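Going by the UniProt record's numbering, the first residue of the sequence shown is number 1, and it counts up by one from there.
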Amino acid sequence: MRAESADQSEGSGSADGSGRTENQNDLGTRETGPKQPRLDQYPSTSVGKQQRSFQKKWFDSFDWLEYSLSRNSSYCFSCKLFGKHNPRANKDALLSTEGFKNWKRALDSYREHEASAAHKSSLLAWKQYRTTLTEGDVVDQMNVGNVAQITERREYLRRIVAVTSLLGKQGIAFRGHEETDSSLNQGNFLEIMKLLETFDPFLQNYQAPSHSTYLSPGSQNGMIVLC
Ligand SMILES: [Zn+2]
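Here's what the structure looks like:
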């Protein structure tokens, strides 16, 4: 499989006429990051009498480096997807568009490319993109957390309003003389809430934030006006 596609790439190289990096589907996208296939052997090319090929150890030195097996070419992920400037040097242009495959000169070329202003600028854009993605995830998680909290709070309030409304409708006093936790009779409102909790799994599990239990006399007065 690998040998077959490598043979094809030997013949066609990067000159398929498209010249469009979007068609190189064995390369990374903004979402996936660089594609760095680590193979024991890469297709070799004759350079004079010598056989040269891509080396997987180069991935260890350059995290932006990509390799396309179908084209037997290397690319700079960062410049290809985040580059803004038109690269002047030929190797820089190849790394960001057509693909670079002069394996004999690869290591030096990668080092030079890494030091270029165009590459550094694209790295910055790539880093900013990754930061945006991470922040986006956090914001999404916070929103999900907020939605869950709001839903729970609403459920809790439905019960408070129902009890308040019942007491008001029946003309029953809300408060007791002694509403502390140790009191045997905390008044009608709190006692009914306690009774409800005995049968209501939601109330049994729900921990109202201490600053908004809606159980204080002040909250009840506000609720009575609303109900
Ligand atoms: Zn680059």
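Every residue, glycine too, gets a C-beta built ideally from N, C-alpha and C. Here the structure is a predicted model, which is why all the values come from computation and not from measurement.
Query	Result
What are the boundary residues of the alpha helix (DSSP H) that includes S122?	A117 to Q170
In the DSSP output, what is F82 paired with across the bridge?	None; F82 has no bridge partner.
From the DSSP output, in three-state form, read off Q204 for me.	helix
Distance, Cα to Cα, S219 vs F202?	21 Å
Is Y110 helix, strand or coil by DSSP?	helix
Going by CA-CA distance only, name the one from S68, A125 and M193 that's closest to T97.	S68
If you measure from each residue's Cβ to the nearest non-hydrogen atom of ligand 1, which ones come out under 5 Å, in chain order?	C76, S78, C79 and H119
Can you tell me whether D181 is buried or exposed, with buried defined as 16 or more other CB within 10 angstroms of its CB?	exposed
Could you pull out every residue in the same chain whose Cβ sits closer than 8 Å to the Cβ of N188, ignoring the five residues on either side in sequence?	L167, I172, A173, F174, R175 and G176
Following the continuous alpha helix (DSSP H) through T32, name the residue where it begins and the one where it ends.	Premise fails: T32 is in no alpha helix (DSSP H) and is neither H nor E.
Compute the beta-carbon to beta-carbon distance between L95 and H113, rounded to the nearest angstrom, for a pair I have assumed lies under 8 Å.	6 Å
Go to E66, then tell me how far its beta strand (DSSP E) extends in each direction, as first and last residue.	L65 to S68
What is the residue span of the beta strand (DSSP E) that T213 lies within?	From DSSP, T213 is part of no beta strand (DSSP E); its letter is neither H nor E.
With burial defined as no fewer than 16 other Cβ atoms inside 10 Å of the residue's Cβ, what is the status of N205: buried or exposed?	exposed
Ordered along the chain, which non-local residues of its own chain (more than five positions away) have a Cβ less than 7 Å from that of F54?	Y42, Y67, S74 and W103
Just how far apart, CA to CA, sit T198 and E191?	11 Å
A115: buried (16+ other C-beta within 10 angstroms of its C-beta) or exposed?	exposed
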